[in-house]
Amino acid sequence: MAIKIIKKGISDTIQDIGRYGYQHLGIQANGYLDYLSARLANTILGNPTKSPVFEIHFPASSFTFTKSYIICISGANFVPVLNEKSIALDTAIEVKENDTLQFLKPIEGRISYIAIQGKIKEEAWLDSHSYFANSIQKDDQFEWEARPTMNKKMLPGNETITSLIINEIRSHVFSTSPLHFIPGPAWKDLTHESQKVFLSTGYHIGMQANRMGYPLKGALLQLSKPNQYLSAAVTRGTLQLLPNGELMVLMADHQTIGGYANLGQIILVDLPRLAQASNQTSIHFKETSIETAHKLYQQIEKKFIHRS
Amino acid sequence: MNWQLQLLGDHALVFSVEEKMSEEIISKMIALKKNIEAFHFDFIKELIPSYHTLTLVYDIELFYGSEIAKENNDSITDFGNALLTAFNSAATNVESVSSIKNLKSNNDLSEKKSFIELEKIIRIPVCYDERLGIDLENIVLKNKISVEEIIKIHSEETYLVYCLGFLPGFAYMGKVRESIQIARHASPRKEVAAGSVGIAGMQTGIYPMNSPGGWQIIGRTPLKIFDHNPAILGKLEAGNQIQFYPISFSEFEKLNEY
C-alpha cells in the first residue's frame with residue numbers, strides 16, 4: 001500500500017461529493033463538509049472535481065507515504081509539515097517514499113483536505129467513497145493510482161488554476177459576512193419576535209459540532225405552536241429548531257428525514273463558510289431569494305470552469 | 309386535496325398536502341414520485357416521500373442546462389408547479405399537458421390507479437420470545453395486557469411504511485393499535501441488536517443494523533431488512549404494506565441471517 005496512517009486523528013474520513021439517489025431508502029448522502037476547499041485541492045491537481053480526498057479535523061491524523069505522489073492541501077490551515085518542514089497550502093507538492101506528513105496547529109478553519117493526484121484504489125459503495133460510519137484508524141492504508149502522465153505537470157509553473165482564483169475561493173470560504181438562508185416550511189411558525197431575534201443577533205458554533213450537525217449557541221427561539229411535525233426530508237444546511245429553543249444546522253452526515261421545526265436552509269455556497277467557522281466566530285444570518293442563491297452558486301462554479 | 313409547493317433551500321423543493329398520517333396521503337406521494345420519475349430528468353437527484361411530503365433534490369447547474377428549465381422561465385418554482393399540473397392532469401385523464409411538452413404521463417402511474425393498486429403485503433417473521441423482545445414486560449406493566457395479546461395485536465395489523473430514515477433501511481410503519489402503544493425510552497439504549505422490532509407511540513419499526521436506539525423492543529426478525537450489497541439494499545420502501553408473523557425461538561435460530 002502507499003499511504004499509511006501512523007497516528008489517528010479525532011475524526012478523519014475519506015470524502016467525495018457524496019451519494020445521491022438513495023435517501024428514499026434512508027441512506028444518507030454524506031460527502032465533503034466544505035465542497036469548495038475539497039474542489040480547490042482536486043482542481044489544483046487536475047483531478048476530476050468530485051474525487052475522494054482525506055477530510056481532516058484537528059487534532060489530525062499523521063501520514064507516511066510509501067510511494068511518490070503529488071498532493072495538495074486546501075481548506076483549513078493546520079500548519080502541515082512534510083518531514084518536519086512546513087509546506088504551502090493550495091499548492092501541488094511532490095511527496096516521496098518514506099515522507100511523513102503531519103499537522104501541527106489549527107491556525108485558520110476547521111477542516112483541511114488532502115487531495116492525491118490520480119485515482120483512489122478502493123471500491124466505492126453506490127458510487128461514493130463517503131460513508132457515515134467509516135473513520136480513519138491508525139495503521140489504515142490507502143492507495144492511489146497515480147496518473148501515468150503525472151510527473152511534474154501540476155507543479156509550480158504549470159498551474160491549472162490561477163492564484164487569483166484560489167485567493168477568491170479562499171476569501172469566500174473564510175469570510176465572516178452573514179450566511180444567506182432561504183426561509184423553510186416552519187419559518188412562519190416562529191413568533192414574530194423570534195424571527196426578528198434570529199435575523200439580528202449573532203450565534204456561535206457549539207462544542208458538539210460534528211459531521212452530522214453544528215449546534216448554534218445564542219438567543220433561544222420560540223414557535224407559536226408546538227414543535228411537533230410529521231417527519232419530512234431534510235437537506236444539508238437545514239436550520240432545525242430543537243424543542244429547547246436551540247438551533248442545529250444539519251451538515252453532510254445528516255439523517256435523511258427530520259421531525260423538528262424546519263426554519264430554513266443555508267444556501268449551498270455558504271455552507272463551506274459555516275463548516276470552516278471557528279467556535280469564536282459570530283455568525284449572522286441574512287434572508288435571501290432562490291434567484292440570488294442560484295446566481296451566487298453559478299458565479300462560484302464559473303470560477304472553477306473558466307480557469308486559465 | 310390541496311397541493312403546496314415550497315422551496316427547501318436552493319437545491320430542493322417540497323410538494324406537500326395537509327399534515328396528516330394517512331394511507332391515502334402516502335399513496336398519493338408515491339404516485340407523484342412515480343409520475344415524476346417517468347420523466348427521467350437528469351437534474352433530479354432524489355425523490356424522498358415521507359408522510360404528507362415528497363421532497364425533490366436537484367442539481368442547480370444541470371437544471372439550468374436543461375430544455376425543461378427554458379420552457380419554465382428558468383424558474384425551479386415554475387418547473388415544480390408544472391410537475392403538479394402534469395400529475396393532476398394524469399390523474400384526471402386529461403391528455404394534453406401544456407407545461408411539460410412531449411412528456412405524456414402514463415396513466416398507469418396516475419394517482420387514481422396507484423391509490424387502488426397498493427403494493428402486495430410483505431410478510432416478515434418475528435420471534436417475540438422474551439429473550440429477544442426485551443421490553444415486552446414494560447408494555448405488559450404499563451398497558452395491563454398479556455404478552456400473548458401484544459403478539460396477537462402486533463401481528464394481526466397490516467402496517468404501512470410512511471418513510472425511511474434514522475438509519476439506512478429503517479422504516480417508520482403505522483399505525484400501531486392503541487392498546488399496545490408505548491412511548492420510547494426516556495434515554496436511548498447504547499446498542500439495539502440488528503433485526504430488533506420496536507414500538508414508539510403509534511409507530512413500529514425494525515433496526516436494520518446494530519445501533520443506539522430508544523424504541524421499546526418487542527421481538528426480533530431473523531431476516532436482513534437492509535443489505536449493503538448494491539443489488540439488494542433496503543427491502544422496504546414508503547408505501548409498502550407490511551405484516552408481521554410470529555415464529556418460535558428455534559425457527560428464529562434456523563432463519564437467522566445476521
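Residue numbers (the numbering used here), protein chains in the order written: chain A, 1 to 308; chain B, 309 to 566.
Think of the CB as a built atom: it goes at the ideal place given N, C-alpha and C, for glycine as much as any other residue.
Query	Result
Flag this pair as yes or no: are the beta carbons of residue 57 (chain A) and residue 109 (chain A) separated by less than 8 Å?	no
According to the neighbour-count rule (16 or more other Cβ atoms, all chains shown, within 10 Å of its Cβ), is residue 394 (chain B) buried or exposed?	buried
When the Cα atoms are used, what is the spatial distance from residue 203 (chain A) to residue 128 (chain A)?	33 Å
With a threshold of 16 other CB atoms inside 10 Å of the CB of residue 39 (chain A), please say whether the residue is buried or exposed.	buried
Give a yes or no on whether 8 Å exceeds the smallest Cβ distance from residue 294 (chain A) to chain B.	yes
Whose CA, out of B:350, B:544, B:482, B:439, lies closest to the CA of residue 557 (chain B)?	B:439
Which residues of the stretch 229-256 of chain A have a Cβ closer than 9 Å to any Cβ of chain B? Give them in chain order.	229, 230, 231, 232, 233, 234, 235, 236, 237, 238, 255, 256
Should the stretch 370-381 of chain B be regarded as contacting the stretch 469-482 of chain B, the criterion being three or more beta carbon pairs within less than 8 Å?	no
Classify residue 238 (chain A): buried if its beta carbon has 16 or more other beta carbons within 10 angstroms, exposed otherwise.	buried
Between the beta-carbon of residue 433 (chain B) and the beta-carbon of residue 529 (chain B), is there less than 8 Å?	yes
Between residue 41 (chain A) and residue 115 (chain A), what straight-line distance do the alpha-carbon atoms span, to the nearest angstrom?	6 Å
Using a Cβ-Cβ cutoff of less than 7 Å, which residues in the same chain neighbour residue 513 (chain B) once the five nearest sequence positions on both sides are dropped?	478, 479, 480, 481, 506, 523
Taking the alpha helix (DSSP H) that residue 329 (chain B) falls in, what are its first and last residues?	Element bounds for residue 329 (chain B): n/a, residue is neither H nor E.
Which two residues bound the contiguous beta strand (DSSP E) that contains residue 182 (chain A)?	179-183
Starting from residue 535 (chain B), follow its DSSP beta bridges and name the residues at the other end.	B:541
May I ask you to report which of helix, strand or coil DSSP gives residue 481 (chain B)?	strand
Check the Cβ of residue 202 (chain A) against every Cβ in chain B and list those closer than 8 Å, keeping chain order.	Within chain B, no residue comes near residue 202 (chain A); the closest Cβ sits about 22 Å away, beyond 8 Å.
Using 8 Å as the threshold, is the C-beta distance between residue 136 (chain A) and residue 264 (chain A) below it?	no
On a CA-only basis, which of B:511, B:431, B:490, B:475 is nearest residue 500 (chain B)? Give me that one, please.	B:475
Using alpha carbons as the reference points, say which of A:33, A:145, A:70, A:253 lies closest to residue 55 (chain A).	A:33
According to the Cβ coordinates, are residue 208 (chain A) and residue 75 (chain A) closer than 8 Å?	no
So residue 388 (chain B) is in the beta strand (DSSP E); what residue range does that whole segment cover?	Taken as a continuous stretch (DSSP letters only), residue 388 (chain B) belongs to no beta strand (DSSP E), being part of the alpha helix (DSSP H) at 384-399.
Would you call the stretch 88-103 of chain A and the stretch 118-126 of chain A touching, i.e. three or more CB-CB distances under 8 Å?	no
Taking the alpha carbon of residue 241 (chain A) as the point to measure from, which residue in A:84, A:164, A:303, A:186 has its own alpha carbon closest?	A:186
Tell me which residues share the same chain as residue 225 (chain A) and place their Cβ nearer than 8 Å to its Cβ, disregarding the 5 neighbours each side in the sequence.	189
On the premise that residue 261 (chain A) lies in contact with residue 229 (chain A), defined as a C-beta separation below 8 Å, what is that separation, rounded to the nearest angstrom?	6 Å
Taking residue 112 (chain A) as the reference, give the member of A:273, A:131, A:280 with the closest Cα.	A:273
Does the distance from the CB of residue 520 (chain B) to the CB of residue 496 (chain B) come in under 8 Å?	yes
Kindly list the residues whose CB is nearer than 7 Å to the CB of residue 47 (chain A), restricted to its own chain and excluding five residues on each side of it in sequence; keep chain order.	115, 117
Look up residue 512 (chain B) in the DSSP assignment and say whether it is helix, strand or coil.	strand
Taking Cβ positions only, does residue 493 (chain B) come closer than 8 Å to chain A?	no
Here's the rule I'm using: 16 or more other beta-carbon atoms within 10 Å means buried, otherwise exposed. How should residue 316 (chain B) be labelled?	buried
Could you pull out every residue in the same chain whose Cβ sits closer than 6 Å to the Cβ of residue 78 (chain A), ignoring the five residues on either side in sequence?	58, 60, 103, 106, 112
For residue 487 (chain B), does the three-state DSSP call read helix, strand or coil?	helix
Taking C-alpha atoms, which residue in B:494, B:463, B:377 lies nearest to residue 485 (chain B)?	B:463
In angstroms, rounded to a whole number, what distance separates the CA positions of residue 19 (chain A) and residue 253 (chain A)?	11 Å
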